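Following: one structure in structure tokens, then a few remarks.
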Amino acid sequence: MSTPANASAVAPITVLTWNLWWRFGNFAQRQEPILQVLREADADIICLQEVWAKEGDRDQAQWLGEQLERHVARHDTAQRDGLSFSNAILSRWPILSSSNHALPGVDGQPSHRRAIQATVESPRGPIHVFCTHLDQRFDNSAVRQQQLKTICALAKAIPRDTEVDFPVILAGDLNAVPDSDEIRALTGRRPPYERGMTFTDAWEVVGTPSGDPGWTWRADSPLLAQAHWPNRRLDYIMTSWPRTSGQGTPVAARLIGVEAVDGIMASDHAGVWAALR
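Numbers in the working numbering are just positions in the sequence shown, counted from 1, shifted up by 63.
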């Protein structure tokens with residue numbers, strides 16, 4: 064793939080990440096609001112966490128894909144009473160391949176946490192996307208670092224030409240704030256997990272300068288009245304570096320799912336939408 068001569072005139076790639084809060088709370092009433100928020104955001108690539116499917120019944124990712132006319136990649140992870148708890152990637156363009164990768168837990172062994180990897184056949188050539196949901200405990204920074212190390216090793220192993228190819232996209236609920244050790248290693252503020260594999264945080268580049276802290280776990284959400292530590296930015300869209308061509312540089316970012324839809328909050332998280340050059 065080569066970079067178009069008039070690259071500045073080419074429409075950006077739009078990416079969205081959102082934790083859908085599985086089947087917690089009033090999950091049946093939340094499905095239509097989730098769909099409405101996603102439809103209005105109209106992202107090219109959608110990364111979802113806490114997606115559910117009921118054996119022999121409804122598959123949330125497939126249903127959303129049908130409604131939004133998107134290709135779907137989803138892999139089962141944890142099973143509870145016949146219900147899956149998984150990640151999914153929806154794409155405007157065909158998905159060439161997808162795979163599911165177990166991430167280490169506290170004991171270093173594979174856990175129920177996963178990263179789904181998909182290769183999307185975009186008009187700009189193949190785009191490699193990782194969607195993940197890391198360990199949530201406050202005291203498990205070391206675990207999240209091992210989980211990100213696993214993802215970075217997978218990303219580095221993808222054959223790419225940084226002169227012309229679109230960078231790797233990493234999106235999801237990382238359950239870590241921007242100044243944590245795990246995010247600092249991703250963004251090059253401390254030694255990286257894999258040499259030659261760091262990431263640009265889209266919100267930091269084009270969201271934070273607007274003055275909005277980009278909190279995706281928010282005290283103003285009625286679903287978080289009992290939250291122990293609200294007002295944190297936990298959800299990210301990132302693109303890998305180095306990238307010589309300039310492709311993948313964030314040009315816009317905003318939050319989605321912050322407001323109720325017909326009186327119903329779609330999820331306990333806000334999502335992040337970003338446009339990438």
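Every residue, glycine too, gets a C-beta built ideally from N, C-alpha and C.
As the structure is a computational prediction, the values presented were derived from the model and not from experiment.
Contact annotation, Q112 with L83: C-beta distance approximately 7 Å; criterion of less than 8 Å satisfied. In the three-state reduction of the DSSP assignment, P189 falls in the strand class, which pools E and B.
Check the Cα spacing between L153 and each of A216, L79, S273, A288: the tightest is with L79. Where I214 is concerned, the enclosing alpha helix (DSSP H) starts and stops at 204-219. A direct Cα-to-Cα measurement between L237 and I300 gives close to 10 Å. When DSSP reads this structure, A239 sits in no beta bridge, so it has no partner.
Counted as a single uninterrupted DSSP element, the alpha helix (DSSP H) harbouring F90 occupies residues 90-104. As a beta-bridge residue in DSSP terms, E257 pairs with M260. When only Cα atoms are considered, H191 and R137 end up about 15 Å apart. If you draw a straight line from the Cα of C215 to the Cα of L131, it comes to about 30 Å. Inclusion of W266 and V335 in the CB contact set at 8 Å is warranted, their separation being smaller than that value.
Within the region 241-324, the complete alpha helix (DSSP H) segments of 4 residues or longer fall at 244-249, listed in chain order.
In the structure shown, W81 falls within a strand segment according to DSSP collapsed to helix, strand and coil.
For a cut-off of 8 Å, the C-beta gap from D228 to Q210 is around 25 Å, too long to register as a contact. In this structure the region 121-129 does not lie against the region 159-167, because fewer than three pairs of beta carbons, one per stretch, are closer than 8 Å. In the DSSP annotation of this structure, A124 is not part of any beta strand (DSSP E); the continuous alpha helix (DSSP H) holding it starts and ends at 123-131. Within its own chain, the residues whose Cβ lies closer than 6 Å to the Cβ of P96, once the five positions on either side in sequence are excluded, are V324, I327, A329, listed in chain order. Contact annotation: P230 and G311 have beta-carbon atoms nearer than 8 Å. In the displayed model, D139 falls within a strand according to three-state DSSP. In the DSSP assignment, S174 is bridged to no other residue. For Q112, the enclosing beta strand (DSSP E) has its first and last residue at 108-117. Each of I319, R340, L287 was checked against the Cα of D105, and the nearest Cα belongs to I319. Collapsing the DSSP output to three states places A333 in coil. Taking C-beta atoms as the reference points, E245 and K219 fail to come closer than 8 Å. When C-alpha distances from T77 are compared across D331, A316, H332, V321, the shortest belongs to A316. Taking every protein chain shown into account, the CB of N150 has 16 or more other CB atoms within 10 angstroms, so this residue is buried. Between I108 and L101, the gap from beta carbon to beta carbon reaches 8 Å or more. Under a 10 Å Cβ-count criterion, T302 is classified as buried, with 16 or more other Cβ atoms of the shown protein chains found around its own Cβ. Counting the other CB atoms within 10 Å of its CB gives T307 a total below 16, which places it among the exposed residues. Within the same chain, and ignoring the five residues on either side of E118 in sequence, the residues whose Cβ sits closer than 7 Å to its Cβ are G145.
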